[in-house]
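Enquirer: Sharing a structure with you now.
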Amino acid sequence: DVKVTQSSRYLVKRTGEKVFLECVQDMDHENMFWYRQDPGLGLRLIYFSYDVKMKEKGDIPEGYSVSREKKERFSLILESASTNQTSMYLCASSRLQGLESHEQYFGPGTRLTVT
Amino acid sequence: AQKVTQAQTEISVVEKEDVTLDCVYETRDTTYYLFWYKQPPSGELVFLIRRNSFDEQNEISGRYSWNFQKSTSSFNFTITASQVVDSAVYFCALSHGGTDKLIFGTGTRLQVFP
């Protein structure tokens, strides 16, 4: 059974803290993604990675960075958390195969609250 | 620019009713992919279907069916004889060929009452 896991379901941090959100997949997928989900806005792509140490900005990368040192692990970093980063964060992975676009498998999400 | 519009924010039905969730997309690509995902109250998005732009055949899977019409840029999702377990937020998404980046619609919340 395919599996994407995220380190925490709920997280509460203070403004200015450095925050790490971890994501691990066990499907040997090349692609990994970080989204944030906000009411009325759907899912918006923050960053994605198609290989180890490779990353590309998504639609809303400001205030975030990522790290992918191993194929199965993709970390999202909030360098200095702010209240407007309070949101649900979703990690996903997919396989890379030619020019086709494949379905993404999602983790359970981390609900981050910044106070 | 690519865009996905799910105009229905929330739909409420009574069990056993049929319901259609609308999805309209915009893209200039000739090769693209469309997806539907379900997000139950537990929060984890579940993949339902993937369709490429060259395959306009309708798809049926049990009580679920999808109608893809390139002429109207729509990829609608119908649930027949809805059940309480169908209550969830449903997302339509679009990607263009050669990339796995998804553009999501804002979602439709479906509530099925017993």
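Sequences listed follow chains A and B, in order. Numbered per my numbering, the first sequence spans residues 1407 to 1521. Numbered per my numbering, the second sequence spans residues 415 to 528. Here a beta-carbon is modelled for each residue, glycine too, at the ideal position from N, C-alpha and C.
(1) Hey, would you say Gly-457 of chain B sits closer than 9 Å to Gly-1446 of chain A, going by beta carbons?
(2) Drop a sphere of 10 angstroms on the beta-carbon of Ile-474 of chain B, count the other beta-carbons inside from all chains shown, and report buried for 16 or more, exposed for fewer.
(3) Interface residues of chain A around Phe-461 of chain B at Cβ under 9 Å?
(4) Would DSSP call Lys-484 of chain B helix, strand or coil?
(5) Along the stretch 472-483 of chain B, what residues have a CB closer than 8 Å to any CB found in chain A?
(6) Got a sec: is the Cβ-Cβ distance from Tyr-1451 of chain A to anything in chain B below 9 Å?
(7) Please tell me whether Ser-1481 of chain A and Cys-1429 of chain A are closer than 9 Å, where the distance is taken between their beta carbons.
(8) Looking at Ala-415 of chain B: is its Cβ nearer than 9 Å to the Cβ of Val-438 of chain B?
(9) Could you tell me which of B:Val-433, B:Ser-509, B:Val-460, B:Leu-459 sits nearest to Thr-445 of chain B, measuring between CA atoms?
(10) From this set, A:Glu-1468, A:Gly-1422, A:Lys-1424, A:Leu-1518, which residue's C-alpha is nearest Leu-1531 of chain A's C-alpha?
(11) Residues of chain B with CB under 8 Å from Ser-1500 of chain A, in chain order?
(12) Report the CB separation of Phe-518 of chain B from Ala-507 of chain B in whole angstroms; it is logged as a contact under 8 Å.
(13) For Asp-1457 of chain A and Glu-1436 of chain A, which I take to be in contact (beta-carbon distance under 8 Å), what is that distance rounded to the nearest angstrom?
(14) Let's test the definition: count the other Cβ atoms within 10 Å of the Cβ of Tyr-1416 of chain A and tell me whether it reaches 16, buried, or not, exposed.
(15) Please state if the CB of Thr-1489 of chain A and the CB of Val-1418 of chain A are separated by a distance shorter than 9 Å.
(16) Quick one, which residues of the stretch 439-452 of chain B are near chain A if we go by CB-CB under 7 Å, in chain order?
(17) Going by CA-CA distance only, name the one from A:Phe-1426, A:Glu-1506, A:Lys-1477 that's closest to Gln-1412 of chain A.
(18) Select from B:Phe-527, B:Val-526, B:Thr-520, B:Gln-525 the residue whose C-alpha is nearest the C-alpha of Arg-1450 of chain A.
(19) How many Å lie between Arg-1442 of chain A and Ile-1452 of chain A at the Cα?
(20) Who are the neighbours of Leu-1447 of chain A on chain B, taking C-beta pairs under 8 Å?
(21) Determine the chain A residues that contact Asp-458 of chain B at a beta-carbon separation under 8 Å, and present them in chain order.
(22) Pull out every residue of the stretch 1425-1442 of chain A whose Cβ sits closer than 7 Å to any Cβ of chain B, in chain order.
(23) Can you confirm whether Glu-1506 of chain A, when its beta carbon is compared against all beta carbons of chain B, has any partner nearer than 9 Å?
Expert: Straight from the coordinates:
(1) no
(2) exposed
(3) Glu-1509, Gln-1510, Tyr-1511, Phe-1512
(4) helix
(5) none
(6) The question names Tyr, yet the displayed sequence has Leu at residue 1451 of chain A. So, interface residue.
(7) yes
(8) no
(9) B:Ser-509
(10) Here chain A covers residues 1407 to 1521 and nothing more, so residue 1531 of chain A does not appear.
(11) Asp-514
(12) 5 Å
(13) 6 Å
(14) exposed
(15) no
(16) Tyr-447, Phe-449
(17) A:Phe-1426
(18) B:Thr-520
(19) 7 Å
(20) Thr-520
(21) Inspection of the sequence shows that residue 458 of chain B is occupied by Glu rather than by Asp. Simply Phe-1512, Gly-1513, Pro-1514, Gly-1515.
(22) Asn-1437
(23) yes
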